[in-house]
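Numbering-wise, the sequence shown is residues 1 to 260 according to full-length UniProt numbering.
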Amino acid sequence: MIDSAETALHRALEMIEPEVLRGLARTDGGYVELLPNVPAPNPSPASIAMNNRVVAAIYEKVWRPFGVSVMGVAGMSMSAERAKAVADLRLNGPQRVLDVACGPGNFTRFLSEALTGDGLAVGFDISEAMIARAVRDNRGPRAAYVRGDAARLPYADGAFDAVCCYAALYLVPKPMTVLDELIRVVRPGGRIAIMTSCEPRPAPLGTVVGFGTGLAGVRMFPKNLFVDVFEASGLTEIEQEVRGLAQFVSATNARATERI
């Protein structure tokens, strides 16, 4: 298992672009460190929590299930959410998968278990606490981790067969920049899947919820925003499911296929 995890780490390092950045990366912590001595930003209460080691330790069993319940993802267990991601990303072989804002890596490890052969799931996060927990609990023969900035993903265009970002876009400082990066690194014909917040209706309720979440540093996105962005980016096979204050949106990068 140790040798397999080390091999996965080496493969994750080899995907880093440009080459000069790969040469500067550190791996002595069991993950690819691209931001040595650079702390994660803490612009809001929510982001402060994501960079806390205590939160990282309880994230999977306490913190995220509580957040999901607040968002009203009714009737969907954590295992069902992961299974939905595997289905939406169409994972079934030796694929390369990027899990952005991976947290403590439980999701990344689950995605890796749907892969075969030389498939690899790369968990990517800016939080040192989350990445350290991921390395401790969720390394594997097809799961490795990278610490970096999702607004500037260190990968070539079309580097991944599938890309996902669950429960994070509403927390990051530049969500649309991150979304553009997610789309950029999906290969021709590859899949992208996100889960994020969705503004409630009617409007008075949306105002109340928006005020509360805004204080915590959580954005609420319009229902049609991501569908519109995907369509404008030339993506196809767009699917959206809204559950309470959450929305799941997935699509295929068909435009890249046409370019090539």
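A virtual CB, placed ideally from N, CA and C, is assigned to each residue, including glycine.
These figures come from a predicted structure and were not determined experimentally.
Cα-Cα separation, residue i to residue j
{"i": "Val-55", "j": "Thr-108", "result": "The pLDDT assigned to Val-55 is 46, lower than 50, so where the model puts this residue is not dependable, and the model offers no usable value."}
{"i": "Glu-241", "j": "Ala-25", "result": "38 Å"}
{"i": "Arg-139", "j": "Phe-221", "result": "33 Å"}
{"i": "Arg-191", "j": "Ala-85", "result": "11 Å"}
{"i": "Glu-113", "j": "Glu-6", "result": "17 Å"}
{"i": "Leu-245", "j": "Val-122", "result": "28 Å"}
{"i": "Ala-8", "j": "Arg-142", "result": "6 Å"}
{"i": "Ser-127", "j": "Gly-234", "result": "32 Å"}
{"i": "Glu-181", "j": "Asp-161", "result": "14 Å"}
{"i": "Gly-119", "j": "Arg-90", "result": "13 Å"}
{"i": "Val-32", "j": "His-10", "result": "9 Å"}
{"i": "Ser-77", "j": "Val-20", "result": "42 Å"}
{"i": "Arg-22", "j": "Ile-16", "result": "5 Å"}
{"i": "Asn-253", "j": "Gly-189", "result": "5 Å"}
{"i": "Glu-81", "j": "Gly-117", "result": "24 Å"}
{"i": "Gly-103", "j": "Pro-39", "result": "15 Å"}
{"i": "Ala-83", "j": "Glu-14", "result": "28 Å"}
In DSSP terms, what residue i is bridged to
{"i": "Thr-236", "result": "Thr-252"}
{"i": "Ala-246", "result": "Ser-197, Arg-243"}
{"i": "Glu-14", "result": "Answer is none; Glu-14 lacks a bridge partner."}
{"i": "Ala-33", "result": "Sequence inspection shows Glu at residue 33; the Ala mentioned does not correspond to that position. Paired residues: Arg-26, Arg-147."}
Start-to-end residues for the beta strand (DSSP E) that takes in residue i
{"i": "Asp-161", "result": "160-166"}
{"i": "Arg-187", "result": "186-197"}
Extent of the continuous alpha helix (DSSP H) to which residue i belongs
{"i": "Arg-22", "result": "19-24"}
{"i": "Lys-84", "result": "78-89"}
C-beta atoms of residue i and residue j nearer than 8 Å
{"i": "Tyr-170", "j": "Ser-197", "result": "yes"}
{"i": "Asp-149", "j": "Gly-105", "result": "no"}
{"i": "Asp-125", "j": "Leu-111", "result": "no"}
{"i": "Val-229", "j": "Leu-179", "result": "yes"}
{"i": "Ala-101", "j": "Ala-168", "result": "yes"}
{"i": "Val-185", "j": "Ala-159", "result": "yes"}
{"i": "Arg-219", "j": "Pro-173", "result": "no"}
{"i": "Ala-132", "j": "Cys-164", "result": "no"}
{"i": "Glu-199", "j": "Lys-223", "result": "yes"}
Fill in: In chain order, each beta strand (DSSP E) run of at least 3 residues that lies wholly inside the stretch 91-177
96-100, 120-125, 143-147, 160-166
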